[in-house]
Amino acid sequence: MDKKLYPGISLLLILILILATAISGCTDQTQQSLVQQEETVETVEITDMLGRNLTVPSEIDNLVTSTGPYSILVYMLAPEKLAGWNTFTPVDHMLMDEKYTSLPVVGSWGAAQTANYETIIGLNPEIVMEGYTVNKKGQISEQVTERQEKFGSIPVVAINGSIIAIGDGDDTIEYLGQLLDCEEKAAAFIDFRSSVLNDIENKVGNIPDDEKVRVYYAEGSTGLKTDPSGSLHSEVITICGAINVADCQLTPGMGMTPVSIEQVAEWNPEVILTTDSEFYNSVYSDPLWTNIDAVQNKRVYLAPRNPFCWIDRPYGVHRVIGAAWTANVLYPDLFSDTELEELTTEFYSEFFHYDLSDEELDNLLHPETEASA
Numbered sequence: 000m001d002k003k004l005y006p007g008i009s010l011l012l013i014l015i016l017i018l019a020t021a022i023s024g025c026t027d028q029t030q031q032s033l034v035q036q037e038e039t040v041e042t043v044e045i046t047d048m049l050g051r052n053l054t055v056p057s058e059i060d061n062l063v064t065s066t067g068p069y070s071i072l073v074y075m076l077a078p079e080k081l082a083g084w085n086t087f088t089p090v091d092h093m094l095m096d097e098k099y100t101s102l103p104v105v106g107s108w109g110a111a112q113t114a115n116y117e118t119i120i121g122l123n124p125e126i127v128m129e130g131y132t133v134n135k136k137g138q139i140s141e142q143v144t145e146r147q148e149k150f151g152s153i154p155v156v157a158i159n160g161s162i163i164a165i166g167d168g169d170d171t172i173e174y175l176g177q178l179l180d181c182e183e184k185a186a187a188f189i190d191f192r193s194s195v196l197n198d199i200e201n202k203v204g205n206i207p208d209d210e211k212v213r214v215y216y217a218e219g220s221t222g223l224k225t226d227p228s229g230s231l232h233s234e235v236i237t238i239c240g241a242i243n244v245a246d247c248q249l250t251p252g253m254g255m256t257p258v259s260i261e262q263v264a265e266w267n268p269e270v271i272l273t274t275d276s277e278f279y280n281s282v283y284s285d286p287l288w289t290n291i292d293a294v295q296n297k298r299v300y301l302a303p304r305n306p307f308c309w310i311d312r313p314y315g316v317h318r319v320i321g322a323a324w325t326a327n328v329l330y331p332d333l334f335s336d337t338e339l340e341e342l343t344t345e346f347y348s349e350f351f352h353y354d355l356s357d358e359e360l361d362n363l364l365h366p367e368t369e370a371s372a
């Protein structure tokens, strides 16, 4: 080899070493910077609704809940903080911004045990929100402790599960308002709900029992499953001053007690409510249902269900708009269509974060299907 090339080779090697050192230094500085950023995340000490002391980020921006009612409430109060849905079933048209419909579905620890710890951990939530209940012996469920063990360093924040009911859980809503820095939105929803439920009570509260509308809640594609009085699944009937005619056993959990068409005929409801479009579209042409008063008088109603069903499955506080709708269809002389339209528009804009068009509003409140022909 020509010795005259040696100096050039040496210089090239020196330059390579210098560059490698510089890159290494930059990498070290970047890693150090990331570590410093992680170390400087501000945290605060909180007490959850079970009285457990937890350390959480001072600003929570990314969370997952354990069941559907809780994720819906988070969506209503602070949608940008929700990292995934527990359950999410798109229907005919999803009245929701695409950035929320595209969130991952992580499963639920409700009646259907479909959630997966690894899936949730993979989303890197800052907290996991878990509802708790108190059993008949006054003992608090141990699921919160078990969940915390599984999630390790991810704080599991326990909240009171009373929000599964339409009218309960003001304290839980206020707590979430403080936790998620959305106190004004939480207070606004509490006021909205109180106004709607008070208006319903004022108008139906004094109806004599013999003048209350008799209602059957038809579930499933045949309409031959139901939930009697005392079930959260059918609570809109009681809230709206009507009589649930179903004289049958209350099935815990998922509900949907099977009944026969003979039983329904004996109960002979004046109104039938349903959330099942298949049943709704067939009921008027089905000879089994021909002699039921509600069918003869064209008083079968399909509950609105976009983006979540208004009266049942999932249950939760969002169903307050369903209570307004139910009161309107049961007692149209006491409630006006205009009032319901205004309430629906306000509710969707403020709490479902979606501005309804006139056509979307009309389709929600007056579904055009075979049953309405």
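The letter at position 319 of the sequence shown is residue 318 when you use numbering that gives the first Met the number 0, and the numbering goes up by one with no holes.
No residue lacks a Cβ here, since even glycine has one placed at the ideal position from N, Cα and C.
By the Cβ criterion, the segment 188 to 203 is in contact with the segment 342 to 349, since at least three pairs of Cβ atoms, one from each stretch, lie closer than 8 Å.
Taking K202 as the centre and dropping the five residues before and after it, the same chain places the C-beta of L333 closer than 6 Å to its C-beta, in chain order. A straight-line Cα-Cα distance of about 7 Å links L179 and E58.
Here K224 is bridged, per DSSP, to E218 and P257.
Taking C-beta separations shorter than 8 Å and ignoring five residues to either side along the sequence, the partners of G219 in its chain run M255, D275 and F278, following chain order. Judged by beta-carbon spacing, L231 lies beyond the 8 Å limit of L76, meaning their Cβ atoms are not closer than that value. Rounded to whole angstroms, D311 and S233 show a C-alpha spacing of 7 Å.
With the rule of 3 Cβ pairs closer than 8 Å, the segment 345 to 365 does not count as touching the segment 100 to 115. In this structure, G222 sits away from L249, with a CB-CB distance that is not shorter than 8 Å. At a cut-off of 4 residues, the continuous stretches assigned as alpha helix (DSSP H) that sit fully inside the segment 101 to 163 are 116 to 121 and 142 to 150. At the C-beta level, V212 and A241 come within 8 Å of one another. Annotation: D167 to S161 spans about 6 Å, alpha carbon to alpha carbon. As computed with DSSP, E44 is found in a beta bridge with T54.
Secondary structure at W309: coil, using DSSP grouped into helix, strand and coil. For T289, there is no enclosing beta strand (DSSP E), as DSSP gives it neither H nor E. In the structure shown, Y300 adopts extended strand secondary structure according to DSSP, grouped into three states. Selection I260, W84 and A164 evaluated against W108 yields W84 as nearest (Cα-Cα). Distances from the CA of T171 to each of M48, I71 and D226 were compared; the closest alpha carbon is that of M48.
Q147 is the residue among T46, V133, E41 and Q147 whose C-alpha sits nearest the C-alpha of S65. A distance below 6 Å between beta-carbons, with the five flanking residues on each side excluded, links P303 to the following residues of its chain, in chain order: W309 and L363. Here the alpha carbons of P268 and E261 stand approximately 12 Å from one another. Sequence-distant Cβ neighbours of I271 in its own chain, meaning closer than 6 Å and more than five residues away, are Y215, A217, A293 and V299.
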